[in-house]
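Chemist: Before we start, here is the structure in question, set down as structure tokens.
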Amino acid sequence: MEKGSQKKRVLILSEGFGAGHTQAAYALASSLELRCSAIETLVVELGAFLHPTLAPWIFSAYKKTISTQPKLYGRLYRSQYQKKLNPLTQLALHRIFYAQTAAFIRQWEPQAIVCTHPFPSVVVSRLKRAGLHIPLCTVITDYDVHGTWVSSEVNKYMVSSEDVKHKLLVHGVAPAHVEITGIPVHPSFREVHDKALIRQQFGLSSLPTVLVMGGGWGLIGGDSLSEHLLIWRDQIQFIFCLGKNEKARAKLAGDPRYCHPNIHLLGFTQEIGKLMEVSDLLVTKPGGMTCSEGLAKSIPMLFYDPIPGQEEENVHYFTRHGFGETIQSADTISNWLTMLACQFADVQAKRTSNNHRKDSLPAGDGSEVILQLLG
Numbered sequence: 001m002e003k004g005s006q007k008k009r010v011l012i013l014s015e016g017f018g019a020g021h022t023q024a025a026y027a028l029a030s031s032l033e034l035r036c037s038a039i040e041t042l043v044v045e046l047g048a049f050l051h052p053t054l055a056p057w058i059f060s061a062y063k064k065t066i067s068t069q070p071k072l073y074g075r076l077y078r079s080q081y082q083k084k085l086n087p088l089t090q091l092a093l094h095r096i097f098y099a100q101t102a103a104f105i106r107q108w109e110p111q112a113i114v115c116t117h118p119f120p121s122v123v124v125s126r127l128k129r130a131g132l133h134i135p136l137c138t139v140i141t142d143y144d145v146h147g148t149w150v151s152s153e154v155n156k157y158m159v160s161s162e163d164v165k166h167k168l169l170v171h172g173v174a175p176a177h178v179e180i181t182g183i184p185v186h187p188s189f190r191e192v193h194d195k196a197l198i199r200q201q202f203g204l205s206s207l208p209t210v211l212v213m214g215g216g217w218g219l220i221g222g223d224s225l226s227e228h229l230l231i232w233r234d235q236i237q238f239i240f241c242l243g244k245n246e247k248a249r250a251k252l253a254g255d256p257r258y259c260h261p262n263i264h265l266l267g268f269t270q271e272i273g274k275l276m277e278v279s280d281l282l283v284t285k286p287g288g289m290t291c292s293e294g295l296a297k298s299i300p301m302l303f304y305d306p307i308p309g310q311e312e313e314n315v316h317y318f319t320r321h322g323f324g325e326t327i328q329s330a331d332t333i334s335n336w337l338t339m340l341a342c343q344f345a346d347v348q349a350k351r352t353s354n355n356h357r358k359d360s361l362p363a364g365d366g367s368e369v370i371l372q373l374l375g
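Under full-length UniProt numbering, think of the first position of the sequence shown as 1, with each following residue one higher.
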């Protein structure tokens, strides 16, 4: 692999369990390269890169579990909450990833390694125990910390909040090894765009607008949620983002309820920041990355179907700080859409309030931590 001239290299390792971990990786990469032209980054989803045949099967099994048996996933998450990966899982990661990861690191020769998922963090930590002398930074991409994230070989943790830092300290991590940065979001989310141009680009009207997101896997909830939203389609514009779930997008496109000029069905897009800019309310699964992006745009949020475990903790954080509300019943949706249709100024005031309130929370991109590791 050809080396850049005297640039410092940062290898950012993620995994494809949902889109958030890799989005955080690319956000950090963009911030680093914008901040310092002498840095070169490489983002790699480790499992898919090293084992392109095995990885999709694992991700599919994980997706099926959380979508069809969320309570089972929640029990597993909680039962192992204080524990590191069990020896059998560590052995599996060792056999599947260890030698190939070591060879790849030797080939690319980074000066720092960043992990946005616990699995590559475990792999690199093991390599460090075996003699790898490269600084390791681990970015926790939710507003909670499971025991699988914790390793004594991590030089720096980047975390979303004071609560997450405290949980790491309980796990025995030294305070000097934890930096509260917020979850990295792409620099574009901090830009203000021309709303008229965005509406023209996506074929949108200037109606009050609701953005409905289901994460990278496009899990937008059941028919009950859709029914409560779609009865407002004559007064409110809806943008449904289905991520990479083309099957779900095709299904909705064939449903007569969605064949309406005020309903827009989108697949995977890298312009969520623009869509949030022209939307007045975000209805979403509470993934750490999506919530952080919504926070950057100060958009009010309604949360549905949190995965038991980390997404529930995300909900607690954002509702406690007043940035969002859990959909408890049809009344929650009705109250917000009534405001959008009839009391639009109240929703705009809520967004303005969010913008002021977010100033008291971490808003860094984390790049300064990596620059410190690089020296």
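We put the beta carbon where it would ideally sit given N, CA and C, even for glycine.
The structure presented is a predicted model; accordingly, all values stated were derived computationally and were not measured.
Check whether the segment 310-329 and the segment 142-153 are in contact - that is, three or more C-beta pairs closer than 8 Å.
Modeler: yes
Chemist: For Y157, write down the residues that DSSP places opposite it in a beta bridge.
Modeler: T138, V178
Chemist: According to DSSP, is L42 part of a helix, a strand, or is it coil?
Modeler: Strand, per DSSP.
Chemist: Who are the Cβ neighbours of M1 in its own chain at under 7 Å, not counting the five residues just before and after it?
Modeler: Low per-residue confidence applies at M1: pLDDT is 40, beneath 50, and the placement is therefore not dependable enough to give any value.
Chemist: Can you tell me whether A24 is buried or exposed, with buried defined as 16 or more other CB within 10 angstroms of its CB?
Modeler: buried
Chemist: Is it true that the CB of I183 sits closer than 7 Å to the CB of G287?
Modeler: no
Chemist: Name the residue from A27, K285, A99 whose alpha carbon lies nearest to the alpha carbon of A130.
Modeler: A99
Chemist: Comparing C-alpha positions only, which one of L211, A250, G324 sits nearest to I272?
Modeler: Of the listed residues, the one whose Cα sits closest to I272 is L211.
Chemist: For residue 394, report the span of its alpha helix (DSSP H) as first-last.
Modeler: Residue 394 is absent from the model: the chain starts at 1 and stops at 375.
Chemist: State the DSSP-derived secondary structure class of V315, mapped to helix, strand or coil.
Modeler: helix
Chemist: In this structure, how does DSSP classify L265 when only helix, strand and coil are distinguished?
Modeler: strand
Chemist: Select from D305, F104, S292 the residue whose C-alpha is nearest the C-alpha of L361.
Modeler: S292
Chemist: Thinking V278 and I327 are a contact (beta carbons under 8 Å), I'd like their distance in whole angstroms, please.
Modeler: Here V278 is actually not in contact with I327; their C-beta atoms are around 22 Å apart, not less than 8 Å.
Chemist: Check the C-beta distance from Y157 over to H171 and give it rounded, since I have them as a contact under 8 Å.
Modeler: 10 Å between Cβ atoms; not a contact.
Chemist: Exposed or buried, S30, counting other C-beta atoms within 10 Å across all chains shown (16 or more means buried)?
Modeler: buried
Chemist: Excluding the 5 residues flanking P110 on each side, which residues of the same chain have their C-beta closer than 7 Å to its C-beta?
Modeler: R9, V10, L11, I134
Chemist: Just curious, the alpha helix (DSSP H) that K167 is in, first and last residue?
Modeler: 162-170 is the extent of the alpha helix (DSSP H) around K167.
Chemist: Kindly give me the distance between the Cβ atoms of W149 and P118, rounded to whole angstroms, as I take these residues to be in contact under 8 Å.
Modeler: Sure, about 5 Å apart at Cβ, within 8 Å.
Chemist: Taking 7 Å as the threshold (C-beta atoms), are V154 and L127 in contact?
Modeler: No, the Cβ-Cβ distance between L127 and V154 is not below 7 Å.
Chemist: Of all the options Q200, D365, Y258, which has the alpha carbon lying nearest to the alpha carbon of H228?
Modeler: Y258
Chemist: Quick one: Cα of Y304 to Cα of A112, how far?
Modeler: 37 Å
Chemist: Can the beta-carbon of H21 be found closer than 7 Å to that of T101?
Modeler: no
Chemist: Looking at the secondary structure, which residues open and close the alpha helix (DSSP H) in which L275 lies?
Modeler: 272-277
Chemist: Please identify the residue among L282, S161, D234, G147 whose C-alpha is closest to the C-alpha of G214.
Modeler: L282
Chemist: Check each candidate in P187, L28, I299, G47 and name the one with the smallest Cα separation from T41.
Modeler: L28
Chemist: Give a yes or no on whether the C-beta atoms belonging to F202 and A296 are separated by under 7 Å.
Modeler: no
Chemist: Tell me whether the beta-carbon of I231 lies closer than 7 Å to the beta-carbon of P208.
Modeler: no
Chemist: So what's E2 in DSSP terms, helix, strand or just coil?
Modeler: Low local confidence applies: a pLDDT of 45 at E2 is under 50, so the model's placement there is unreliable, with the coordinate-based value given in what follows. The three-state reading of DSSP puts E2 in coil, since its state is none of H, G, I, E or B.
Chemist: Taking the Cβ atom as the reference point for each residue, do P120 and L50 lie within a distance shorter than 7 Å?
Modeler: no
Chemist: Who does L211 pair with in a DSSP beta bridge?
Modeler: For L211, which the question treats as bridged, DSSP gives the partners I239, L282.
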